[in-house]
Amino acid sequence: MKHVTALVLLSLFLTAACSSGVPGGDDDAGSVFCGGIAGIACPGAGRCVDDPSDSCDPKKGGADCGGVCECIETQLCVRGSHFDSSPSVCACVPDGGEPCGPTTCGPGMSCCNASCGTCVKPGMACIQIACD
């Protein structure tokens, strides 16, 4: 058990030492962390590339270096959706509004009751009942 704990701590230390990003999330620069000893994948169709801002170099023995996600649009989306090329998404997303239960709220509307699929203008009141 002591060996497993030591191995986990060593892995976390090595990942943190080789990356300026936050494992599994966005850092202050807006980049998305990937790779590292845990092999964290990028969202959607994103590709993990070496983080040029850290001192860890995969070409110089840094096999477990952390990286940043890069998104290049390589796919067509179906009608009613578009490609979001931000590194935290890198996938086709629905056009227009926000999903709201069985419906999608249109532009300028927000979901107030997903159970009923009720959309309202932001800041407007909404009845909170459960629908079938």
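Going letter by letter, the sequence shown gives residues 18 to 149 in the working numbering.
The beta carbon of each residue, even a glycine, is placed where N, CA and C say it ideally should be.
A quick note: this is a predicted structure, and the numbers were derived from the prediction, not measured.
Annotation for glycine 125: Lys138 place their beta carbon closer than 7 Å to its own, counting only its chain and skipping 5 residues before and after. Cβ neighbours of glycine 113 within its own chain (closer than 7 Å, five residues either side excluded): Thr121, Gly123, Pro124. For cysteine 117, DSSP records a beta bridge to Thr120.
Bridge partners of serine 48 according to DSSP: none are assigned.
Here DSSP, grouped into helix, strand and coil, assigns proline 75 to helix.
By DSSP's assignment, valine 95 forms no beta bridge with any residue. Secondary structure note for valine 110: its beta strand (DSSP E) is the uninterrupted segment 108-111. When beta bridges are read from the DSSP output, cysteine 65 appears opposite Cys86. Ranked by Cα distance from valine 85, the first of Arg96, Gly56, Gln145, Cys109 is Gly56.
The stretch 100-118 makes contact with the stretch 49-68: 3 or more CB pairs, one atom from each, lie closer than 8 Å. For the pair valine 66 and phenylalanine 100, the Cα-to-Cα distance works out to about 20 Å. Taking glycine 97 as the centre and dropping the five residues before and after it, the same chain places the C-beta of Asp112 closer than 6 Å to its C-beta, in chain order. By the criterion of a C-beta distance shorter than 6 Å, cysteine 51 is surrounded in its chain by Ile57, Cys59, Cys65, Gly84, Cys86, once the five residues flanking it on both sides are discounted. Counted as a single uninterrupted DSSP element, the stretch harbouring cysteine 143 is not any beta strand (DSSP E), since DSSP gives it neither H nor E.
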